[in-house]
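Structure first, commentary second.
There are 2 protein chains.
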Amino acid sequence: MNAEILTIGDELLIGQTIDTNSAWIGKNLALFGIQISRKTAVSDSKIEIVTAITEAFKRVDFLLVTGGLGPTKDDITKKTLAGFYGCGFRRDESVAAHLENIFARRGRQLLEINKQQADVPEICEVLCNEVGTAPGMWFDQKGKVLVSMPGVPNEMVHIMENRVFPRIKDRFKTPEILHCTAVTVGIPESLLSKQLEDFEKTLPPHIKLAYLPALNTVKLRLSGQSDDAALLKAEMTGYFDNLCEVCGEAIFVREDISPVKYIARQLIHNKIKISLAESCTGGFIANQLVTESGISKVFNGSIISYANEIKHRELGVPNEIFSTVGAVSEKCARYMCEAALKKFNADIAISTTGIAGPGGATDEKPVGLIYIGIATAKGSRVKKYHLFGTREQFMQRAANCAMMLVKDTLLQEFGVH
Amino acid sequence: MNAEILTIGDELLIGQTIDTNSAWIGKNLALFGIQISRKTAVSDSKIEIVTAITEAFKRVDFLLVTGGLGPTKDDITKKTLAGFYGCGFRRDESVAAHLENIFARRGRQLLEINKQQADVPEICEVLCNEVGTAPGMWFDQKGKVLVSMPGVPNEMVHIMENRVFPRIKDRFKTPEILHCTAVTVGIPESLLSKQLEDFEKTLPPHIKLAYLPALNTVKLRLSGQSDDAALLKAEMTGYFDNLCEVCGEAIFVREDISPVKYIARQLIHNKIKISLAESCTGGFIANQLVTESGISKVFNGSIISYANEIKHRELGVPNEIFSTVGAVSEKCARYMCEAALKKFNADIAISTTGIAGPGGATDEKPVGLIYIGIATAKGSRVKKYHLFGTREQFMQRAANCAMMLVKDTLLQEFGVH
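For the protein sequence lines, the chains are A and B, in the order given.
In case it helps, my numbering puts the first sequence at residues 1 to 417.
In case it helps, my numbering puts the second sequence at residues 1001 to 1417.
What follows is the structure, encoded as structure tokens:
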């Protein structure tokens, strides 16, 4: 079954707010076999809103609307909906009680403008919003369902999870939809698609393959749709196994997760400590790891050794390295990771040294050149890469390459699959 | 003048990708006096795309389309556009040469599937994409302009800035628009707007003030529109001076630039060396600084001292600190920044220690508590903050707070304005 999303608010159109609600709704309705077939954003304008609703109901029977439910004058969704359905307002007692409660708790006076948030179009069913002041509303008229929710992300999520999901199961017959996603690192989309050409031909019409490329990663997503849940699951499992087999080594993880996040979780789960000595990536990789909550269990710290004097003094890289092969070299990367392993009492240490650009390049060492080292108690090794893009992209690509090395080492030396 | 945005891609509808492009486009077209009146997202489906384009051209004369230009089978925008305009394809030689060049540089083989990226609908004008493989396309038929661009954010931005903006000036009659932007840090939007209430009343109708809040920064943007460029410039300068005067200390910089970027440039320009000892921000602040090209002149390195043993061993924080006041304390922050100053031969050193959450809080030390220290040859001081949000938001807010401390120190101790 298809549904549409309508987001209301000037702030979305002038780019003041990035709409994260739609992605959340799309992802979560997919679990009910409901596909979002279109998203529309319009301004806080009565005619724009009514036109968009009318158009959407020509295409689908289920419309999710967010935004425009605040207490101030510029928020007109509720009034517009009453106009659209040609009905008056009623004061909802449960919402009124909730508002009194919430204002009392915050020690704030309940103004008339606030009380009006309990006024809802007569024909709607109220979807109680326990985490905010504007209630959600469920309209079910002439076979068409419209859900109106606040645009505040956590309020929308609360109403969806607690009020809308249960109603969807009762109200709609939906097919089973399944997604299986794998993440590849270091293989361009075009090469992958060539590799998967024959596999794609084996897919039945109700199972589709999508390529979602990012910085040197490509997500491969199989999506299947059927009325027979058990059959679909078996089919999908088979095709997903085939897909992963065809891609072989290119598959980083058979799950929808970023490489760094996946490695962070593997390290935490297996209690394997990591540290880093970063030069050209300037703390990027460490910071990506630290973004994962719970990392403190396996991360004591790391160093950003940007200048040669710091590489020498803090990591013991001999000065003759700089005067002979230079800091951007296999040898320097090896010293760095080996020293970081000891300095931070880690089980695995990563080092990076390279030319992030745009400056700093020479004929022999172009922008994008990077050596990434990895050390464990058993020894160390260094790999050389040529990565391209802006400074930020260079760092992100380097992080993904580093995660490939860590993954390989986790498997080879720690038996972690 | 109004325009619309059409984004194409299943990944947007199933929520795998959050659309940041539309916000960027909306914000930047406003600089040309063009308002986005509607945004629509549809799937990679021929009929959906054609329908959406047809509908949009009933409402506006200018349509910006992103997505669906990859080399693989699921990307059908280019074919659909040729169908919509009823034209065939031609191979664009400049794009073909660019592709050969890019693949040679990356040491990759140019497959037929890649070569086909140089095939474009006959009637379009190619918008060269120097940072990627899929060219942008400009269609101008029957008074309606359609721009098709890749969905990859940096490629879209590149094409917009270098190819679309110049064409907009030629193609559409747009009034003179001027913007003056100042960035404030640490003052909530509601307080600023109260402070600026009287100032706003002095503004003539053709000059507007916008509040663009982000993580503990608010951009104040004055936008003026007129047919008389010289007069507008004089007016805008006067009002912008007034605005900055009313805000006083709250203004971080009278320019549209992030606090970290601004400080990085100030440090580089004045040859003042910075280093950091980060705990709870896990390298975030260092990495933000390192993102600025040329930072190596003033950044030798920094340390992420996550575990207490590293704070002790590498930074000399006495163990009794941990057993008495704890690592999240004013005293610990002071030891950390003073040690970082010496360890990395810096002129200014920043330290952070706090509770990023979601775990690790106690009754006395809630999630969001952070001490930020700053040291110079003249001494050190520590400030305590309560920051809220996710781990990433916490780190970003902490970075902005740290930049306020650096700015203040640059002024007080180094005479840098």
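We put the CB at the ideal spot given by N, CA and C, even for glycine.
Residue i versus residue j: straight-line alpha-carbon distance, rounded
{"i": "E1197 of chain B", "j": "C1247 of chain B", "result": "11 Å"}
{"i": "E48 of chain A", "j": "G67 of chain A", "result": "14 Å"}
{"i": "F199 of chain A", "j": "L1405 of chain B", "result": "58 Å"}
{"i": "A1230 of chain B", "j": "G1238 of chain B", "result": "13 Å"}
{"i": "G107 of chain A", "j": "L99 of chain A", "result": "12 Å"}
{"i": "K1261 of chain B", "j": "V1218 of chain B", "result": "16 Å"}
{"i": "I1168 of chain B", "j": "N1162 of chain B", "result": "11 Å"}
{"i": "L1276 of chain B", "j": "M1149 of chain B", "result": "41 Å"}
{"i": "T174 of chain A", "j": "I5 of chain A", "result": "17 Å"}
{"i": "G316 of chain A", "j": "N1270 of chain B", "result": "30 Å"}
{"i": "E1292 of chain B", "j": "L1369 of chain B", "result": "28 Å"}
{"i": "Y1211 of chain B", "j": "T409 of chain A", "result": "49 Å"}
{"i": "Q141 of chain A", "j": "S1045 of chain B", "result": "29 Å"}
{"i": "D1347 of chain B", "j": "L1411 of chain B", "result": "14 Å"}
{"i": "G360 of chain A", "j": "Q1195 of chain B", "result": "47 Å"}
{"i": "I1272 of chain B", "j": "L1209 of chain B", "result": "35 Å"}
{"i": "Q1393 of chain B", "j": "A41 of chain A", "result": "26 Å"}
{"i": "L232 of chain A", "j": "I177 of chain A", "result": "8 Å"}
{"i": "K343 of chain A", "j": "Y335 of chain A", "result": "12 Å"}
{"i": "V1147 of chain B", "j": "N1002 of chain B", "result": "15 Å"}
{"i": "A327 of chain A", "j": "S279 of chain A", "result": "9 Å"}
{"i": "S1223 of chain B", "j": "T1017 of chain B", "result": "32 Å"}
{"i": "G1151 of chain B", "j": "G136 of chain A", "result": "33 Å"}
{"i": "A1214 of chain B", "j": "Y1371 of chain B", "result": "22 Å"}
{"i": "A97 of chain A", "j": "Q35 of chain A", "result": "36 Å"}
{"i": "E1419 of chain B", "j": "G389 of chain A", "result": "Nothing in the structure corresponds to residue 1419 of chain B, since chain B is present only between 1001 and 1417."}
For residue i: DSSP bridge partner residues
{"i": "N1308 of chain B", "result": "Answer is none; N1308 of chain B lacks a bridge partner."}
{"i": "G248 of chain A", "result": "According to DSSP, G248 of chain A bridges with nothing at all."}
{"i": "R91 of chain A", "result": "A:D119"}
{"i": "F62 of chain A", "result": "A:V145"}
{"i": "T1181 of chain B", "result": "B:R1221"}
{"i": "T1362 of chain B", "result": "Bridge partners of T1362 of chain B: none, in fact."}
{"i": "G373 of chain A", "result": "A:S351, A:V382"}
{"i": "I1005 of chain B", "result": "B:K1039, B:L1064"}
{"i": "E125 of chain A", "result": "A:W138"}
{"i": "E176 of chain A", "result": "A:S226"}
Beta-carbon proximity list for residue i, same chain, < 6 Å, skipping 5 on both sides
{"i": "E122 of chain A", "result": "C87, G88, R90"}
{"i": "S1022 of chain B", "result": "I1005, K1039"}
{"i": "T1324 of chain B", "result": "none"}
{"i": "H1417 of chain B", "result": "none"}
{"i": "T1376 of chain B", "result": "I1348, E1413"}
{"i": "R1391 of chain B", "result": "A1356"}
For residue j and residue i, believed in contact at Cβ under 8 Å, the rounded distance
{"i": "T1281 of chain B", "j": "M1403 of chain B", "result": "Incorrect: roughly 12 Å between the Cβ atoms, too far for contact."}
{"i": "I1350 of chain B", "j": "I1285 of chain B", "result": "7 Å"}
{"i": "D19 of chain A", "j": "L12 of chain A", "result": "5 Å"}
{"i": "G419 of chain A", "j": "S1305 of chain B", "result": "Residue 419 of chain A lies beyond the residue range present for chain A, which begins at 1 and ends at 417; the question has no answer from this structure."}
{"i": "E413 of chain A", "j": "K378 of chain A", "result": "6 Å"}
{"i": "K1383 of chain B", "j": "I14 of chain A", "result": "35 Å between Cβ atoms; not a contact."}
{"i": "L468 of chain A", "j": "F57 of chain A", "result": "Shown here, chain A extends from 1 to 417; a query on residue 468 of chain A therefore has no answer."}
{"i": "P1071 of chain B", "j": "S37 of chain A", "result": "Not really, about 25 Å apart at Cβ, beyond 8 Å."}
{"i": "A134 of chain A", "j": "L69 of chain A", "result": "4 Å"}
Cβ-based neighbour list, residue i, same chain, cut-off 8 Å, excluding 5 preceding and 5 following
{"i": "N1242 of chain B", "result": "F1199, T1202"}
{"i": "I1274 of chain B", "result": "L1267, L1289, V1298, F1299, A1346, D1347, I1348, A1349, I1350, V1406"}
{"i": "A399 of chain A", "result": "P259, V260, T281, F284, I285, Q288"}
Contacts around residue i, its chain only, beta-carbon distance under 7 Å, and the 5 residues preceding and following it disregarded
{"i": "T1467 of chain B", "result": "Outside the shown range of chain B, which is 1001 to 1417, sits residue 1467 of chain B, and nothing can be said about it."}
{"i": "K264 of chain A", "result": "In the sequence on display, residue 264 of chain A carries Ala and not Lys. If we look at A264 of chain A and ignore the five residues flanking it on each side, its Cβ neighbours are L289, E292, I295."}
{"i": "F84 of chain A", "result": "V50, I53"}
{"i": "F1032 of chain B", "result": "I1168, T1174, I1177"}
{"i": "D61 of chain A", "result": "G143, K144, V145"}
{"i": "L158 of chain A", "result": "The sequence as given places His at residue 158 of chain A; Leu does not occur at that position. Cβ neighbours of H158 of chain A beyond the five flanking positions: N129, E130, V131."}
{"i": "D363 of chain A", "result": "none"}
Go through the segment 1191 to 1240 of chain B residue by residue and report every complete run of the alpha helix (DSSP H) that reaches 4 residues or more, in order.
1197 to 1202
Runs of beta strand (DSSP E) wholly within the segment 1128 to 1164 of chain B (minimum 3 residues, chain order):
1136 to 1141, 1144 to 1149
Which ranges would you report for the alpha helix (DSSP H) in the segment 22 to 48 of chain A if only whole runs of at least 4 residues count?
none
Beta strand (DSSP E) segments (min. 3 residues) lying fully within the segment 1251 to 1277 of chain B
1251 to 1253
Let me know the alpha helix (DSSP H) ranges lying completely inside the segment 1278 to 1359 of chain B, each 4 residues or longer, listed in chain order.
1284 to 1290, 1308 to 1315, 1319 to 1323, 1330 to 1343
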